[in-house]
């Protein structure tokens, strides 16, 4: 053993006594010194041991002892630690650390640091690295109840935040810079567009315009527009105009319009050829809608033609297609009748002025995209137009034309149906028949159909495992007096027919109810009249058997009005005649004390007395007994 080894062991004795006395030291420093005979390796291992200190107290003690061991100052030890943290201190000259790029603070703290930073970004109030350092310290001391210093160092937090901050700084409204374009996916991938049709973006919007039907009646819905835009050149490749919010099938139809060469009838009056076409060559970039990149139909479409569906990280990553929507509303639709302006009376004025049909809007958009938009100067290099940029990115030649028939079958919607008797299938209230289906009676088959041409169905056997179904034949709708119809038109026709049937049924029910009510009323009236006639007859019979002197003739149940003259008796007397008079022919009445008999009067003598007691009641005079 030479003098240097003896001196090293002597230093180790005191070193071990101090450092190993604390249980927080999980590493034997003597092993570090014994195994690290190389000075470079010794220095590296000691600084690594220092960086693993669990708290500030232990770190300070280790720093002091390392300075004594290496015969340097504590300031130099701190500089070595900074170099280690910056990954500039190597175990051997020219050799990187084996754990380069890895954090030695466990998995919890890096995840926590990333989570609070990303949360602040989503909340549109990003935290600075200094604020995150303070939040980490607060979380460790207050929430986790750690000791002072028992949390990641400030430099460690900055290293974790560095790639996150750089990625955030790369984000712009119109993604990319310089001569190339880039977009960022939801999982953090940065996709660079180096050529045309490499990255294709897709999105929807509801147009700010009210439209009418063919008869000029205002429709209660606004048209929806789906666009497909090339990221490299910002050219519009294809679009689809629809009457309702688009789904996955409408997205597929937009891709079909983008993939095939554009052929428009003469009434569209296009001035330039629309040569821009093709499917995504690598990526189909959309938001997180279920009708876009998440759709099974679009994924199957991508698997068939070799492109991958990707979701954008934030709405800002779709700046190209979003800016196009704003341009359409402000430059194309604003001068048109029916445009919904942001003014207070804008919607009411739009409803009053609306006169365009959805076919008219389609002609306007097609002319704008073909003749104007795609031939405008490229925003990043005005020396080229969008079309020239796109054509140069395609190598100066147009994409290979796809099989339209194969494309149509792939884009069709799919349903499952049971084959009925005589090889028939029921679909959307219609009956379809195919001779080849007679062999599959009672079995489930796969029905493919085009929503724009729904009177013909394409029948396949059911798929089993990885094996696709085999084509059986085409089934056509029977008992139809039209040559073609869309699914929307068919459903609308069924709805109108059901409504008319229901209204007719309601009208018939109302008529029947009215008849019943009238019959009941007539029967009630006849019953009442029979009851009144019976009562009248009964009163007549009672009067015949009565000894009561009738004073006037009045119908039963009829009251006397004030202005109606009463029916008087045939004879009248004067008021003077009302006073009682002593008849002259009669003998004087006998006195009470007289016992003479009362004379008997004859009938002729009594008649004048009855006549005297008869009275006449004038109109509006009440009858009173005055005797």
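Residue numbers (my numbering): 4 to 630.
Built from N, CA and C at the ideal position, the CB exists for glycine as well.
Only a predicted model underlies this, so the values are computations on that prediction, with no experimental measurement involved.
- Around the beta-carbon of residue 483, fewer than 16 other beta-carbon atoms lie within 10 Å, marking it exposed.
- Rounded to whole angstroms, the separation of the alpha carbons of residue 501 and residue 429 is 18 angstroms.
- As the crow flies, the alpha-carbon of residue 391 is around 58 angstroms from that of residue 445.
- Within the same chain, Cβ atoms closer than 8 angstroms to the Cβ of residue 248 are found at 207, 209 and 227, the five residues on either side in sequence being excluded.
- Here the segment 46-57 makes contact with the segment 65-84; the two share three or more CB pairs at distances below 8 angstroms.
- Straight across, the Cα-Cα distance linking residue 543 with residue 519 is about 36 angstroms.
- Residue environment: residue 155 is assigned as buried (16 or more neighbouring CB atoms within 10 Å of its CB, all protein chains considered).
- Distance from residue 215 to residue 358 at the Cβ level is roughly 6 angstroms; contact confirmed, criterion being Cβ atoms closer than 8 angstroms.
- Residue 243 is classed as buried because its beta carbon has at least 16 other beta carbons within 10 Å across all chains shown.
- In the structure shown, residue 69 adopts helical secondary structure according to DSSP, grouped into three states.
- Closest in C-alpha terms to residue 119, from the list 151, 473, 282 and 168, comes 168.
- Membership of residue 435 in the beta strand (DSSP E) is indicated by the continuous run 433-436.
- When DSSP states are grouped into helix, strand and coil, residue 189 belongs to the coil group.
- Secondary structure note for residue 257: it is in no beta strand (DSSP E), and the uninterrupted alpha helix (DSSP H) holding it is 251-262.
- Within the DSSP bridge table, the entry for residue 311 names 286 as partners.
- Bridge pairing for residue 341: absent [DSSP].
- Of the residues assessed, residue 246 falls on the exposed side of the cut-off, its CB having fewer than 16 other CB atoms within 10 angstroms.
- Comparing alpha carbon positions, the residue from 112, 237 and 276 closest to residue 383 is 237.
- When the five nearest sequence neighbours on each side are left out, the beta carbons in the same chain lying within less than 8 angstroms of the beta carbon of residue 378 are those of 275, 388, 389 and 390, in order along the chain.
- CA-CA distance, residue 374 to residue 311, rounds to 31 angstroms.
- Secondary structure of residue 329 (DSSP, three-state): helix.
- When beta bridges are read from the DSSP output, residue 416 appears opposite 452.
- Per the DSSP secondary-structure output, residue 479 pairs in a beta bridge with 436 and 459.
- The beta carbon of residue 343 sits closer than 7 angstroms to those of 211, 212, 213, 349, 350 and 353, all from its chain and outside the five residues before and after it, given in chain order.
- By the CB criterion at 7 angstroms, residue 284 and residue 223 fall outside the cutoff.
- Looking at the DSSP output, residue 380 bridges to 388.
- Annotated as distal: residue 163 and residue 124, with beta-carbon spacing of 7 angstroms or more.
- Cα atoms of residue 113 and residue 46: separation of roughly 27 angstroms, rounded to the nearest angstrom.
- Excluding residues up to 5 positions away in sequence, nothing lies with its Cβ nearer than 6 angstroms to the Cβ of residue 190 in the same chain.
- Taking each of 129, 185 and 63 in turn and checking the Cα distance to residue 152, the smallest one comes out for 63.
- Bridge partners of residue 52 according to DSSP: none are assigned.
- In the three-state reduction of the DSSP assignment, residue 227 falls in the strand class.
- The criterion of a C-beta distance shorter than 7 angstroms is not satisfied by residue 437 and residue 480.
- Contact between the segment 419-434 and the segment 259-272 is not established, with fewer than three Cβ pairs separated by less than 8 angstroms.
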